[in-house]
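Peer 1: Chains P and E, in that order, are what the protein sequence lines are. Residue 170 in the working numbering is what sits at position 168 of the first sequence, and the numbering runs on without skipping anything. Residue 65 in the working numbering is what sits at position 34 of the second sequence, and the numbering runs on without skipping anything. Even glycine gets a Cβ: it sits at the ideal position worked out from N, Cα and C. Before we start, here is the structure in question, set down as structure tokens.
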Amino acid sequence: MGYLALAVVSGLAAVERKGFLQAMLSRPIALGPIAGLALGDVRSGLYVGVPLELLWLGAVNLGAALPVHEALGTAAAAGATVLAARALQPSGLAGPMLLPAVAVLAVAACAPLASLGRCADRMVERWNERLYALAEQDLARGHAAAAARTNLYGLVLPFAISFVLAPLGAAVAAALIPLVLSRAPSLVVPLGLGWVAFNGLACASGARAMRGPRAPAFYFGALVLGIALATVTALAGGGA
Amino acid sequence: MIATVPRAVLAACFWRSLFLQAAWNRRGMQNLGFAYAIYPALRVLYPDPGRRAQALSRHLGFFNCHPYTAAAIVGGVIHHEERVAAGAEPPAGPEAYKTTLQGPLAAIGDGFFWTALRPFFGALAALGALLFGWPAVVAALTMYNAIHLAFRIGLFRAGYRQGDAVVGALARLALPVAAGHLRVAGAALCGFCAAAVVVHAAAMPRPSSVLVAVLAATVGYVVLARGARLLPTAYAAIMAGVGAALVVGRFQGSP
Chain P
3 MGYLALAVVS GLAAVERKGF LQAMLSRPIA LGPIAGLALG DVRSGLYVGV PLELLWLGAV
63 NLGAALPVHE ALGTAAAAGA TVLAARALQP SGLAGPMLLP AVAVLAVAAC APLASLGRCA
123 DRMVERWNER LYALAEQDLA RGHAAAAART NLYGLVLPFA ISFVLAPLGA AVAAALIPLV
183 LSRAPSLVVP LGLGWVAFNG LACASGARAM RGPRAPAFYF GALVLGIALA TVTALAGGGA
Chain E
32 MIATVPRAVL AACFWRSLFL QAAWNRRGMQ NLGFAYAIYP ALRVLYPDPG RRAQALSRHL
92 GFFNCHPYTA AAIVGGVIHH EERVAAGAEP PAGPEAYKTT LQGPLAAIGD GFFWTALRPF
152 FGALAALGAL LFGWPAVVAA LTMYNAIHLA FRIGLFRAGY RQGDAVVGAL ARLALPVAAG
212 HLRVAGAALC GFCAAAVVVH AAAMPRPSSV LVAVLAATVG YVVLARGARL LPTAYAAIMA
272 GVGAALVVGR FQGSP
């Protein structure tokens, strides 16, 4: 049932991403926790959704240029994180670095699906030219309403592609991750640091997406200010 | 006497405009979506099936615009089709309107929504999630969609009521200036996100976590600014973090 729920969520996200509404519901920051909710763990879904949102902040569809399919990558990674973490519960592996370790492996395994999704998008665009031809034929036969309705058939293929690929990617990653971590538990802490590095890079990627000459100054300035504020707060709290 | 499209039909056209990109294709781009959106109005304006098919064929031609700002063109085309149906305008009028406006409105939409407003709210939601959890995401997305839908509905109505004058109305909003402010604010939000990552790293059992976080957030920015590809850089960052932990662990003698 969990995989079916993930498949439906992923398919709907693929539709919302381009075919209908575009209200940020297919963005990683929303889709991560929604995919997690579908599998019964919002927190783990959000844990993955936050850095993926920042990483892919610049993934935008400008004109005919196609970005990576961030929704497909996110749904698979969030699903893999939730399922792998759940599979590891009986293993005895625990600690604050376990979820980061699981998350980084899930992202590493599923991120390429985003690039695969872009290839699928190109294929869908070529397929949709057949719908255009179908609409012209309907119009030539005098079936104007049917010609107009052809537009909706374009929602089917993106839904189906994500419906299949997201749970498949999550399943493969969720099977491999517990295998890796249970056979090499000493990798948990290093992988946790890998997750920290990934999060740091994701923030940098988000800032890079904010194109503009003053963006770097504001990014580094806020980074320094944020660390200073946190340090002062911690010291003040420690002294009190 | 120019017949007007009933409000319920206008609402149907607006709803259908949300599916503008459903069948995006390289040949006509958003043409199928536009024809789908405009059809309820054409059904009312052209009771004769032959004239209706002729009108729809005008809107199966090439069309490409930002999905939000395209609402202005959908509304404006209905305005023009009302005049065409009454014989007050030549049939080429709506097509000329679409051709003239789609480029500028696409540029405005891409520049404001896709490269400024949406990334800003993405960064805001991310920072909110790091500090307060999922309710912050709900709040950020609610704010974003309040703005997004207000624009879409407002542009549709402006296009329908004002036709060609919608461009002037948009220009008065000074969206490129607002976009510039949103981008620097978004960059700052990403900086605060990086600071939150550093603070969270400080709570981890490995002291080297803080250095890893700071280096990834700073060196990572420089590397990406020099044109490094994103996914390989992400993998490199992960490997660097893992490697750093292994090296430090070996020096400290920990398992």
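What number of angstroms, rounded off, separates the C-alpha of A137 of chain E from the C-alpha of G97 of chain P?
Peer 2: For the purposes of this step, residue 137 of chain E is identified with residue 106 of the second sequence, where counting begins at 1. For the purposes of this step, residue 97 of chain P is identified with residue 95 of the first sequence, where counting begins at 1. C-alpha separation (whole angstroms): 50 Å.
Peer 1: Between A77 of chain P and L8 of chain P, which are expected to be in contact by the criterion C-beta below 8 Å, what is the C-beta distance as a whole number of angstroms?
Peer 2: Working through the first sequence from its first residue, we reach residue 77 of chain P at position 75. Working through the first sequence from its first residue, we reach residue 8 of chain P at position 6. Between L8 of chain P and A77 of chain P the Cβ distance is about 6 Å, and since that is below 8 Å, they are a contact.
Peer 1: Just reading off the alpha helix (DSSP H) that D140 of chain P is part of, what are its end residues?
Peer 2: Position 138 of the first sequence, counting from 1, holds the residue named residue 140 of chain P. Note, D140 of chain P: alpha helix (DSSP H), P114 to A142.
Peer 1: Could you check the C-alpha separation between A15 of chain P and V109 of chain P for me, to the nearest Å?
Peer 2: For the purposes of this step, residue 15 of chain P is taken as the residue at position 13 of the first sequence. For the purposes of this step, residue 109 of chain P is taken as the residue at position 107 of the first sequence. When rounded, the distance between both Cα atoms is 18 Å.
Peer 1: Anything in chain P within Cβ reach of L49 of chain E, meaning under 8 Å, just list it in chain order.
Peer 2: In the second sequence, counting from the first residue as 1, residue 49 of chain E sits at position 18. Within chain P, the residues near L49 of chain E are F22 and L23.
Peer 1: Measure the alpha-carbon distance for G222 of chain E versus V158 of chain P and round it to whole angstroms.
Peer 2: Taking the second sequence and counting its residues from 1, the one referred to as residue 222 of chain E is at position 191. Taking the first sequence and counting its residues from 1, the one referred to as residue 158 of chain P is at position 156. Those two C-alpha atoms are separated by around 39 Å.
Peer 1: Would you kindly work out how many angstroms separate the C-alpha atoms of G138 of chain P and S207 of chain P, rounded to a whole number?
Peer 2: Counted from its first residue, the first sequence places residue 138 of chain P at position 136. Counted from its first residue, the first sequence places residue 207 of chain P at position 205. It is Glu, not Gly, that sits at residue 138 of chain P in the sequence shown. Their Cα atoms are separated by approximately 43 Å.
Peer 1: Distance cutoff 9 Å, beta carbons only. Does L223 of chain E sit that close to anything in chain P?
Peer 2: Against the second sequence, residue 223 of chain E aligns to sequence position 192. Looking at the sequence itself, residue 223 of chain E is Phe, so the reference to Leu does not match. It does; some Cβ of chain P falls within 9 Å.
Peer 1: Can you tell me where the alpha helix (DSSP H) with S164 of chain P in it begins and where it stops?
Peer 2: In the first sequence, counting from the first residue as 1, residue 164 of chain P sits at position 162. Taken as a continuous stretch (DSSP letters only), the alpha helix (DSSP H) holding S164 of chain P covers V158 to R185.
Peer 1: According to DSSP, is F50 of chain E helix, strand or coil?
Peer 2: Residue 50 of chain E sits at position 19 when you count from the first residue of the second sequence. F50 of chain E: coil per DSSP, three-state reduction.
Peer 1: Starting from P80 of chain E, follow the alpha helix (DSSP H) in both directions and report where the run begins and ends.
Peer 2: Your numbering for residue 80 of chain E matches position 49 in the second sequence. It spans P80 to R89 - the alpha helix (DSSP H) in which P80 of chain E sits, taken as one unbroken run.
Peer 1: Between F200 of chain P and the rest of its own chain, which residues show a CB-CB distance below 7 Å, the 5 nearest in sequence each way excluded?
Peer 2: Position 198 of the first sequence, counting from 1, holds the residue named residue 200 of chain P. Same-chain partners within the cutoff: P53, V106 and V109.
Peer 1: Using a C-beta cutoff of 9 Å, does C121 of chain P count as contacting chain E?
Peer 2: The residue you call residue 121 of chain P lines up with position 119 of the first sequence. Not one chain E Cβ lies under 9 Å of C121 of chain P.
Peer 1: Compare the beta carbon distance of Y128 of chain E and H111 of chain E with 9 Å and say whether it is the shorter of the two.
Peer 2: The residue you call residue 128 of chain E lines up with position 97 of the second sequence. The residue you call residue 111 of chain E lines up with position 80 of the second sequence. Result yes, Cβ atoms of Y128 of chain E and H111 of chain E sit closer than 9 Å.
Peer 1: Would you tell me roughly how many angstroms separate the C-alpha atoms of F163 of chain E and A175 of chain P, rounded to the nearest one?
Peer 2: By 1-based counting over the second sequence, the position of residue 163 of chain E is 132. By 1-based counting over the first sequence, the position of residue 175 of chain P is 173. Whole-angstrom Cα-Cα distance: 29 Å.
Peer 1: Taking only beta-carbon atoms, is P78 of chain E less than 9 Å away from chain P?
Peer 2: Residue 78 of chain E sits at position 47 when you count from the first residue of the second sequence. It does not; no Cβ of chain P falls within 9 Å.
Peer 1: Measuring alpha carbon to alpha carbon, tell me which residue in P:S184, P:D123, P:C112 and P:S12 is nearest L262 of chain E.
Peer 2: Working through the second sequence from its first residue, we reach residue 262 of chain E at position 231. Nearest of P:S184, P:D123, P:C112 and P:S12 to L262 of chain E, Cα basis: P:C112.
Peer 1: Taking a cut of 8 Å between CB atoms, which residues from the segment 155 to 168 of chain E lie near chain P?
Peer 2: Within the segment 155 to 168 of chain E, the qualifying residues are A156, A157, A160, L161, G164, W165 and V168.
Peer 1: Distance, Cα to Cα, L39 of chain P vs L33 of chain P?
Peer 2: Translated into positions along the first sequence, residue 39 of chain P becomes position 37. Translated into positions along the first sequence, residue 33 of chain P becomes position 31. About 9 Å.
Peer 1: Determine whether the Cβ of M329 of chain P lies closer than 9 Å to any Cβ atom of chain E.
Peer 2: Chain P is shown from 3 up to 242; residue 329 of chain P falls before or after that span and cannot be answered.
Peer 1: How is N56 of chain E classed by DSSP in three states: helix, strand or coil?
Peer 2: Here residue 56 of chain E refers to the residue found at position 25 when the second sequence is read from its first residue. Of the three classes helix, strand and coil, the one that applies to N56 of chain E here is strand, per DSSP.
Peer 1: When you compare only the Cα positions, how much space is there between V166 of chain P and M26 of chain P?
Peer 2: Translated into positions along the first sequence, residue 166 of chain P becomes position 164. Translated into positions along the first sequence, residue 26 of chain P becomes position 24. The straight-line gap from Cα to Cα measures roughly 22 Å.
Peer 1: Do A276 of chain E and P192 of chain P have their C-beta atoms within less than 9 Å of each other?
Peer 2: Here residue 276 of chain E corresponds to residue number 245 of the second sequence, with the count starting at 1. Here residue 192 of chain P corresponds to residue number 190 of the first sequence, with the count starting at 1. Yes, these two residues count as a Cβ contact at 9 Å.
Peer 1: Classify C121 of chain P as buried or exposed, calling it buried when 16 or more other Cβ atoms lie within 10 Å of its own Cβ.
Peer 2: Stepping through the first sequence from its first residue, residue 121 of chain P is reached at position 119. It counts as exposed.
Peer 1: Whether or not the segment 55 to 70 of chain P and the segment 175 to 191 of chain E are in contact is what I'm after, with contact meaning three or more pairs of Cβ atoms, one per stretch, closer than 8 Å; do they touch?
Peer 2: In short, these stretches do not touch, since the Cβ pair count stays below three.
Peer 1: So, helix, strand or coil for R94 of chain E, using DSSP?
Peer 2: For the purposes of this step, residue 94 of chain E is taken as the residue at position 63 of the second sequence. Per the sequence shown, residue 94 of chain E should be read as Phe rather than Arg. Correct three-state label for F94 of chain E: strand.
Peer 1: I'd like to know if the segment 250 to 259 of chain E and the segment 35 to 53 of chain E are in contact, where contact means that at least 3 CB-CB pairs between them fall below 8 Å.
Peer 2: Contact between the segment 250 to 259 of chain E and the segment 35 to 53 of chain E is absent, because fewer than three Cβ pairs lie under 8 Å.
Peer 1: With a cut-off of 9 Å, does the C-beta of T244 of chain P fall near any C-beta of chain E?
Peer 2: Absent from the structure is residue 244 of chain P, since the part of chain P shown begins at 3 and ends at 242.
Peer 1: DSSP state of A9 of chain P, grouped into three classes?
Peer 2: Stepping through the first sequence from its first residue, residue 9 of chain P is reached at position 7. Here A9 of chain P sits in helix by DSSP.
Peer 1: Please check if any C-beta of chain P sits within less than 9 Å of the C-beta of T130 of chain E.
Peer 2: Reading the second sequence from its first residue, position 99 is the one you call residue 130 of chain E. Not closer than 9 Å to any Cβ of chain P, the Cβ of T130 of chain E fails to qualify, so no.
Peer 1: Which residues, in order along the segment 67 to 92 of chain E, keep a beta-carbon less than 7 Å from a beta-carbon of chain P?
Peer 2: Residues Y67, Y70, P80, R83, A84, L87, S88 and L91.
Peer 1: In the structure shown, what three-state DSSP assignment does E113 of chain E receive?
Peer 2: Within the second sequence, residue 113 of chain E is the residue found at index 82, counting from 1. Here E113 of chain E sits in helix by DSSP.
Peer 1: Under 9 Å, Cβ to Cβ, is there at least one residue of chain E near A204 of chain P?
Peer 2: Along the first sequence, one-based indexing puts residue 204 of chain P at 202. Yes, because at least one Cβ of chain E sits closer than 9 Å to the Cβ of A204 of chain P.
Peer 1: Would you decide whether P286 of chain E is buried or exposed? Buried here means 16 or more other CB atoms lie within 10 Å of its CB.
Peer 2: Position 255 of the second sequence, counted from the start, is the residue given in the question as residue 286 of chain E. No answer about P286 of chain E holds up, because its pLDDT of 47 lies below 50 and its placement is not dependable.
Peer 1: Report yes or no: is there a C-beta of chain P within less than 9 Å of the C-beta of P135 of chain E?
Peer 2: Indexing the second sequence from 1 puts residue 135 of chain E at position 104. Not one chain P Cβ lies under 9 Å of P135 of chain E.
Peer 1: Tell me the DSSP secondary structure of R260 of chain E in three-state form.
Peer 2: Numbered from 1 along the second sequence, position 229 holds the residue referred to as residue 260 of chain E. Coil.
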